[in-house]
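Engineer: Got a structure here, written out as structure tokens. Questions coming.
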Amino acid sequence: MRRALIMTLLLGMVVTQAFAADVIKIAITGPFTGGSAPMGASMRDGAKLAIAEINAAGGIKVGAKMMKFEVTERDDEAKNERGALIAQELASMTDLSGIIGSVNTGVVLAGDKHLQEKGITKIITPAAGSASLTQWSKAGVKDLSIFRFAAHDGIQAAMVVEEAVKRNLLKVALFHDSTNYGVSGRDDMLDQIKKQGNKLEIVATEKFNIGDKDMTAQLLRAKNAGAQAILIWGIGPELAAIANGMAKIGIKAPLIGGWPLSMSNFLDNAGKNGNGTMMPQTFIEEPITPKAKAFIDGYHKTYKVTRIPSPVSAAQGYDAVYIFAAAVKQAQSTDTHKIKEALEDLKEPVKGVIATWQKPYSKWDPANFDTHEAFRRDQAVMGMVKDGHVVFANDADRQRLIKSATAVKGKKAK
Amino acid sequence: MNDSVVAQMVVSGALMGLVYALIAYGFQLTYATSKSINFGQGELVMVSAFICLSLTNLGLPYPVMVPLGLFCGSLLGLFVERSGVRLALEQKSEGWILLTIIIGLLFFSVSENIWGRDDRPFPTPIPSDAIQLFGISVTPVEISVAVGVFMIMGIIELFKRKTLLGKAFEAVSADRDAAELMGISATKTIMLSYSLSGMVAALAGILVAPITTVGPTMASALVLKAFSVAVVAGLDSGFGVVVIGLFLGALESLTSYYVGSGWREAPGLVLLILALAIRPTGVFGAAVIRKV
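What follows is the structure in structure tokens.
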């Protein structure tokens, strides 16, 4: 019995070795269950859609061979300790080309050090917490294998503050959850309020815990302090509890905050109480360009849904795979270190569903974490909840995106 | 202090407190007859809520779903009694403590595998738009919690006082040995108390699910509060758990308003320590002289 088992194991190793030479091994990690699952699962499904497209076209030409992607999935359940274990496991895989994923900033902070130690290339998406990259700036790391493909909280906080100023909502209450994500989001907002000239007056700062359902106390404090807008950093279910609580005690002030306000578990649990809520988005589920239409239709058809649980995560997962694939092609190798170098200096523009990416990354400079950030302010737009869907909050953004898409096409035609 | 704020906080908190009281009442029912409680009561609440969600998704209307859900709840209560409590009680051991915890964990994993780990909205025909009562905003869903809690407790208390079966229940609670000598089956009475307790858990699930959403961890915070309520009130009095539940709920929300949202959990724990230090039998509990 025992011998048979060992034989099978050995055989298995030989077989995988034989296959290993012809595939690009890539891992997708994230929370596929629990409160963050809409983001994790959408990211995974978006990424797998891109991988299926690439594999269906025969794969990527590396040297003389056409290589296909092979995916390893790991569910970190949004738990920091699970994330650390998974990162250790992946770091010990010698033939892994790279990793795409992570939704929760806490998980990123717990796990990425193991990957950086081995120099394994990772594209973080859609975790937005600023600390994911600033931790490496602070440590003064000279060579970094971690990239990000998401509008980080710095950009998002800037947009949230801008929106409040633009709409002349000058007395605001800051709400945040007690996780790493919520606390760093509050700090980003405070920072941005200062940077944008202290136009906003903070009348209340309130926190809440994961799992809290009754937010009446915090909301009443905000209401009685005369808040004209509630700026918030948290995750889906608690955000819904806030929106429902606001309706209950009759707060008409708009809810503006980080992009989890577009999560399906916020939209579903808040129902019509979510209408008018605003949040930064990198992708709106509206077929405004042919590329966006193809992506949305593809997602709906493949996963049999009529609404992407988190369109931002799905689109970012999709584009991240294409950027990674472009790096593999340029590196002409499945070696994770060579892919990292290629990512830092991508020659060809990558056509994605969010934008056409021209040199998204450059050589890591600890003094400027933007070198490993793909998104700038321009690639993000303000979204607004309308009857369970996220639409463009400002039509100007919509027109701008349509125009830039046709402009790129125009250039190509020349 | 602003009066309307205080009133609003007291009402919102007290309504939440009634849910603690209802779950604590489930402890009290089984403790009365068997001197044992189901440490997996929170999981019963959660599983019942999931079953009701599935029934609703099958297209059953609310008035049909509720009794069916209550029935499933009482079956689950019976299952706990048969598998976790009866053997331990027959051997006069405290094994039911571990067994009920283990059954709770079992329910948790089973429902994670059947229904997944996501929090899901629970459809209800009761509107959730706020209405104004004397300047206080409450939602009809919250009022339904209060109505439901008082109704089921009223019915069960009436049943205990007015029917023959209920009197047997009271007799076993008062003195199990004497009741058995009078020809009352203690085993059957304990079964009854567990099925009632399961039913109460199911009702708690149905009432609270529109507010908390349905997920595997929906009741874990509630059940801890319910423990505090049960211990502070004493496990002998159904009336006591309501009073303490209302009080604790109101105290919690006043604390989070006036002291800060981070201090929300503090009053429950302080109350628990005070009760154990000053009056271990509970505020409404009667000291029992144990004959050795």
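Listed in order, the protein sequences are those of chains A and B.
Take the first sequence: its letters are residues 1 to 414, numbered as in my numbering.
Take the second sequence: its letters are residues 415 to 706, numbered as in my numbering.
Just so it is clear, CB atoms sit at the ideal spot from N, CA and C, and this is done for glycine as well.
Looking at C-alpha atoms only, which residue of A:126, A:25 and A:228 is the closest neighbour of residue 318 (chain A)?
Structural biologist: Per the Cα distances, A:126.
Engineer: How big is the Cα-Cα spacing for residue 228 (chain A) and residue 324 (chain A)?
Structural biologist: Between residue 228 (chain A) and residue 324 (chain A), the C-alpha separation is close to 43 Å.
Engineer: What residues of chain A sit near residue 676 (chain B), judged by a beta carbon separation below 9 Å?
Structural biologist: Near residue 676 (chain B) (Cβ distances below 9 Å), the residues of chain A are 178, 207 and 209.
Engineer: Buried or exposed: where does residue 461 (chain B) fall if 16 or more other Cβ atoms within 10 Å of its Cβ makes it buried?
Structural biologist: By the 10 Å Cβ count, residue 461 (chain B) comes out buried.
Engineer: Helix, strand or coil: which one does DSSP assign to residue 231 (chain A)?
Structural biologist: The answer is strand: DSSP assigns residue 231 (chain A) an E or B state.
Engineer: Should residue 514 (chain B) and residue 454 (chain B) be called a contact, given that it needs their Cβ atoms to be closer than 8 Å?
Structural biologist: Going by C-beta atoms, residue 514 (chain B) is nearer than 8 Å to residue 454 (chain B).
Engineer: Taking only beta carbons into account, state which residues of the region 587 to 607 of chain B come closer than 7 Å to chain A, listed in chain order.
Structural biologist: Going along the region 587 to 607 of chain B in chain order, one finds no residue with a Cβ nearer than 7 Å to chain A.
Engineer: Throw me the rounded Cβ distance for the residue 662 (chain B) and residue 685 (chain B) pair, which I believe falls under 8 Å.
Structural biologist: Their Cβ separation, rounded to whole angstroms, is 6 Å, which keeps residue 662 (chain B) and residue 685 (chain B) in contact under 8 Å.
Engineer: Roughly how many angstroms lie between the CA atoms of residue 345 (chain A) and residue 113 (chain A), to the nearest whole one?
Structural biologist: Cα to Cα, the separation comes out at about 23 Å.
Engineer: Does the beta carbon of residue 247 (chain A) come closer than 8 Å to any beta carbon on chain B?
Structural biologist: It does; some Cβ of chain B falls within 8 Å.
Engineer: What would DSSP say about residue 278 (chain A), mapped onto helix, strand or coil?
Structural biologist: If DSSP states are grouped into helix, strand and coil, residue 278 (chain A) belongs with the strands.
Engineer: Contact check, residue 582 (chain B) vs residue 570 (chain B) under 8 Å by CB: the rounded distance?
Structural biologist: No, residue 582 (chain B) and residue 570 (chain B) are not in contact; Cβ-Cβ is about 14 Å, not under 8 Å.
Engineer: Within 10 angstroms of the Cβ of residue 432 (chain B), are there 16 or more other Cβ atoms? Answer buried if so, exposed if not.
Structural biologist: Buried is the call here.
Engineer: Quick check on the DSSP output: the beta strand (DSSP E) that includes residue 495 (chain B) runs from which residue to which?
Structural biologist: Where residue 495 (chain B) is concerned, there is no enclosing beta strand (DSSP E), given that its DSSP letter is neither H nor E.
Engineer: So the beta strand (DSSP E) residue 267 (chain A) belongs to, where does it begin and stop?
Structural biologist: From DSSP, residue 267 (chain A) is part of no beta strand (DSSP E) but of the alpha helix (DSSP H) over 264 to 270.
Engineer: Just confirm the distance between the C-beta atoms of residue 149 (chain A) and residue 320 (chain A), as a whole number of angstroms; I'd bet it's less than 8 Å.
Structural biologist: The Cβ separation is near 4 Å, so the contact holds.
Engineer: Exposed or buried, what is residue 168 (chain A) when buried is set at 16 or more other beta-carbons lying within 10 Å of its beta-carbon?
Structural biologist: By the 10 Å Cβ count, residue 168 (chain A) comes out exposed.
Engineer: By Cβ distance below 7 Å, which residues in the same chain neighbour residue 483 (chain B) in space, the five residues on each side in sequence not counted?
Structural biologist: Excluding residues within five positions, the ones whose Cβ falls inside 7 Å are 462, 465, 466, 469, 616 and 620.
Engineer: Could you tell me which chain B residues have their CB closer than 8 Å to the CB of residue 37 (chain A), listed as they occur along the chain?
Structural biologist: Those within 8 Å of residue 37 (chain A) in chain B are 531 and 532.
Engineer: Which one of A:361, A:159, A:186 and A:248 has the shortest CA to CA distance from residue 549 (chain B)?
Structural biologist: Minimum Cα distance to residue 549 (chain B) is reached at A:248.
Engineer: Among the candidates B:472, B:697 and B:524, whose CA atom is the shortest distance from the CA of residue 458 (chain B)?
Structural biologist: The option with the nearest alpha carbon to residue 458 (chain B) is B:524.
Engineer: Using only the alpha-carbon positions, how far apart do residue 171 (chain A) and residue 694 (chain B) sit?
Structural biologist: Taking the straight line from one Cα to the other gives about 49 Å.
Engineer: Does any residue of chain B have a CB that is nearer than 8 Å to the CB of residue 395 (chain A)?
Structural biologist: No, residue 395 (chain A) lies away from the interface with chain B (no Cβ there is under 8 Å from its Cβ).
Engineer: Within the region 311 to 343 of chain A, note down every full alpha helix (DSSP H) run reaching 4 residues or more, in order along the chain.
Structural biologist: Correct list: 311 to 331 and 336 to 343.
Engineer: Kindly list the residues whose CB is nearer than 8 Å to the CB of residue 387 (chain A), restricted to its own chain and excluding five residues on each side of it in sequence; keep chain order.
Structural biologist: The answer, listed in chain order, is 272 and 275.
Engineer: Are the beta-carbon atoms belonging to residue 435 (chain B) and residue 656 (chain B) less than 8 Å from one another?
Structural biologist: For residue 435 (chain B) and residue 656 (chain B), yes; Cβs fall inside 8 Å.
Engineer: Can you list the residues of chain B that residue 113 (chain A) reaches, using a CB-CB cut of under 7 Å?
Structural biologist: Those do not exist, as residue 113 (chain A) stays about 27 Å from chain B at its closest Cβ, beyond 7 Å.
Engineer: Of all the options A:195, A:176 and A:138, which has the alpha carbon lying nearest to the alpha carbon of residue 159 (chain A)?
Structural biologist: It is A:195.
Engineer: What are the start and end residues of the alpha helix (DSSP H) that includes residue 474 (chain B)?
Structural biologist: Segment: none, residue 474 (chain B) is in no alpha helix (DSSP H) and carries neither H nor E.
Engineer: The region 260 to 293 of chain A: which residues have C-beta closer than 7 Å to a C-beta of chain B, in chain order?
Structural biologist: Going along the region 260 to 293 of chain A in chain order, one finds 265, 268 and 269 with a Cβ nearer than 7 Å to chain B.
Engineer: Can you give, in chain order, each stretch of the beta strand (DSSP E) that sits fully within the region 489 to 554 of chain B and has at least 3 residues?
Structural biologist: The region 489 to 554 of chain B contains these whole beta strand (DSSP E) runs: 545 to 547 and 550 to 552.
Engineer: Please identify, using Cβ separations under 9 Å, the residues of the region 511 to 541 of chain B that lie next to chain A, in order along the chain.
Structural biologist: Residues 526, 530, 531, 532, 533, 534 and 535.
Engineer: Report the rounded CA-to-CA distance for residue 27 (chain A) versus residue 98 (chain A), giving the unit in angstroms.
Structural biologist: The alpha-carbon atoms of residue 27 (chain A) and residue 98 (chain A) are separated by roughly 6 Å.
Engineer: Candidates A:400, A:365 and A:188: which alpha carbon is nearest residue 138 (chain A)'s?
Structural biologist: For the residues A:400, A:365 and A:188, the minimum Cα distance to residue 138 (chain A) belongs to A:365.
Engineer: Taking the Cβ atom as the reference point for each residue, do residue 217 (chain A) and residue 423 (chain B) lie within a distance shorter than 8 Å?
Structural biologist: Against a cut-off of 8 Å, the Cβ pair of residue 423 (chain B) and residue 217 (chain A) comes out as a contact.
Engineer: Spell out whether any CB of chain B is found under 8 Å from the CB atom of residue 444 (chain A).
Structural biologist: A question about residue 444 (chain A) goes unanswered here, because the residues of chain A that appear run from 1 up to 414.
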